[in-house]
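Numbering (the numbering used here), first residue to last: 2 to 427. Structure record follows, encoded as structure tokens.
As structure tokens, then:
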């Protein structure tokens, strides 16, 4: 599917009132937290609560600006009441030519899954409305975006049908008029900084993480069933980012509350380092910079219930880490309600992890392995579409295919290739 068409569908919302029970029309995201539609779609929003259905969820919206003169400006701008929602939005383009082919997606009638339409531009009428033909415009499609397939950008929105029973097209408000009534949108639509960042750092905020929802749900399913997890993946596939997401989400997703402790073993070099770091994070007082070990450590730590996130457990094969430490971690995680539940990240399966040291993995049999696989082509395409959605730049299908092939699904390589391609186009 054309990336622009896919983005169009992602950015389109169904508008309704009275708790989402009544269908009023269609709208689409034009900036962060902002939805544009027709003023006539919003006539009941001054009396009832208004909702935008997006991504299978209903979100409250309020009218930011709505025209009273429907003959001149049949336009309204809505805003989400929840400013934290992350979503893409559609790029607008004022230029449109006679003969351009238009594509639309909206929610006519009771078609909750939406419907599409294609039209041809035949010019502008005396009211400066975009006139198009050769397609059936149905009730409920008011406010649907008109995607220009020549530019892959939105050139207007549908306001009326010439006849809802015949395929003779309709009228739309062009982007030039949208900018005239909502001048702030021109600035909000301006090209942003390169969206393909960070290049090398882990993703630190869950909402910015992409393509890992399924594995994160799997991690919490295992934890809530009384198990521990080993997250296995090659270098730079997103293990640290996934652990950071687990750290952020644990307070809401754990069925039994635990204190979350994240340790990067790349900064810990031997047993005492580990005990000191863990005590410091938990809040156990360490006198004379000498952490408790062995039974003294067990006596203190058993008072707590901890979700221990260990990043880079392959470092525990280093000389400074001993079998007694590894054995104690295993023991503390091996009970019906143990002090530790573990999520450990490793670059090798558990059966291979400690092969070089001649020892069995202390996590084998305790942690259920989940494999962090490379991104597939669909995930890469969706990722690129989402990141480009807040810019005025598009990648061609051939360019996306090259990124998919050259990156082999490695998320960091995808980010780097996209960063360079975006840079060359901006």
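Virtual Cβ for every residue (Gly too), placed ideally from N, Cα, C.
Within 7 Å, strictly: CB atoms of residue i and residue j
i           : j           : result
residue 350 : residue 233 : yes
residue 245 : residue 203 : yes
residue 104 : residue 148 : yes
residue 61  : residue 160 : no
residue 24  : residue 45  : no
residue 438 : residue 55  : Not covered by the structure: residue 438. The range shown for the chain is 2 to 427.
residue 420 : residue 197 : yes
residue 411 : residue 367 : no
residue 426 : residue 385 : no
residue 242 : residue 210 : yes
residue 154 : residue 199 : no
residue 219 : residue 371 : yes
residue 71  : residue 41  : yes
residue 117 : residue 133 : no
Residue closest to residue i, alpha-carbon to alpha-carbon, out of the options
i           : options            : result
residue 304 : 194, 122, 333      : 333
residue 341 : 319, 418, 308, 123 : 308
residue 35  : 273, 77, 9, 156    : 77
residue 254 : 413, 214, 70       : 214
residue 283 : 66, 261, 143       : 261
residue 175 : 96, 114, 210       : 96
residue 278 : 310, 252, 247, 306 : 310
residue 30  : 263, 353, 106, 299 : 106
residue 363 : 322, 81, 144       : 322
residue 99  : 200, 209, 131      : 131
residue 273 : 65, 143, 320, 242  : 320
residue 430 : 184, 389, 10, 286  : Any answer about residue 430 is impossible in this case: the structure gives the chain only from 2 up to 427.
residue 503 : 173, 224, 182      : Residue 503 is absent from the model: the chain starts at 2 and stops at 427.
residue 4   : 75, 151, 295       : 151
residue 1   : 195, 271, 286, 300 : Here the chain comprises residues numbered 2 to 427, so residue 1 is not present and cannot be evaluated.
Nearest-angstrom Cα separation, counted from residue j out to residue i
i           : j           : result
residue 119 : residue 206 : 39 Å
residue 415 : residue 146 : 30 Å
residue 43  : residue 374 : 45 Å
residue 168 : residue 424 : For residue 168, the predicted model reports a pLDDT of 47, less than 50, meaning its position is unreliable; a value from the coordinates is still stated below. Distance between the alpha carbons of residue 168 and residue 424: 43 Å.
residue 292 : residue 354 : 27 Å
residue 331 : residue 235 : 24 Å
residue 324 : residue 281 : 22 Å
residue 365 : residue 16  : 51 Å
residue 338 : residue 315 : 26 Å
residue 258 : residue 396 : 45 Å
residue 163 : residue 171 : Here residue 163 scores only 48 on pLDDT, less than 50, and its place in the model should not be relied on; the value that follows carries that caveat. About 5 Å.
residue 328 : residue 380 : 39 Å
residue 401 : residue 8   : 15 Å
residue 129 : residue 142 : 20 Å
residue 180 : residue 409 : 42 Å
residue 68  : residue 127 : 20 Å
residue 86  : residue 390 : 15 Å
residue 217 : residue 407 : 27 Å
residue 37  : residue 326 : 59 Å
residue 298 : residue 306 : 14 Å
Residue i - containing beta strand (DSSP E), residue span
i           : result
residue 175 : 171-175
residue 102 : 102-107
residue 5   : No beta strand (DSSP E) holds residue 5; the alpha helix (DSSP H) holding it covers 4-12.
residue 287 : Note, residue 287: premise wrong, no beta strand (DSSP E); not H, not E.
residue 260 : 260-265
residue 67  : 58-67
residue 53  : 51-55
residue 70  : First-last for residue 70: undefined, no H or E at that position.
residue 132 : 131-134
Run of the alpha helix (DSSP H) containing residue i, from where it starts to where it stops
i           : result
residue 295 : 295-302
residue 312 : Where residue 312 is concerned, there is no enclosing alpha helix (DSSP H), although the beta strand (DSSP E) it sits in stretches over 307-312.
residue 188 : 185-189
residue 401 : 398-408
residue 372 : Note, residue 372: premise wrong, no alpha helix (DSSP H); beta strand (DSSP E) at 368-372.
residue 225 : 214-225
residue 352 : 351-354
residue 277 : 272-283
residue 1   : Absent from the model: residue 1. The displayed extent of the chain is 2 to 427, so no value can be given.
Environment of residue i [buried if 16+ CB atoms lie within 10 Å]
i           : result
residue 13  : buried
residue 428 : Residue 428 lies beyond the range of the chain shown here (2 to 427); nothing can be said about it.
residue 1   : The structure shown has nothing for residue 1, since the chain only spans 2 to 427.
residue 312 : buried
residue 27  : buried
residue 378 : exposed
residue 101 : buried
residue 439 : Lying outside 2 to 427, the shown extent of the chain, residue 439 is not represented and no answer is given.
residue 190 : buried
residue 84  : exposed
residue 418 : buried
residue 269 : buried
residue 157 : buried
residue 251 : buried
Interface flag, residue i vs chain B, CB-CB below 7 Å
i           : result
residue 281 : The structure shown contains no chain B; it is built from a single protein chain.
heavy atom of the ligand NAP below 6 Å from residue i C-beta
i           : result
residue 385 : Among the components modelled here there is no ligand, and therefore nothing to report on the ligand NAP.
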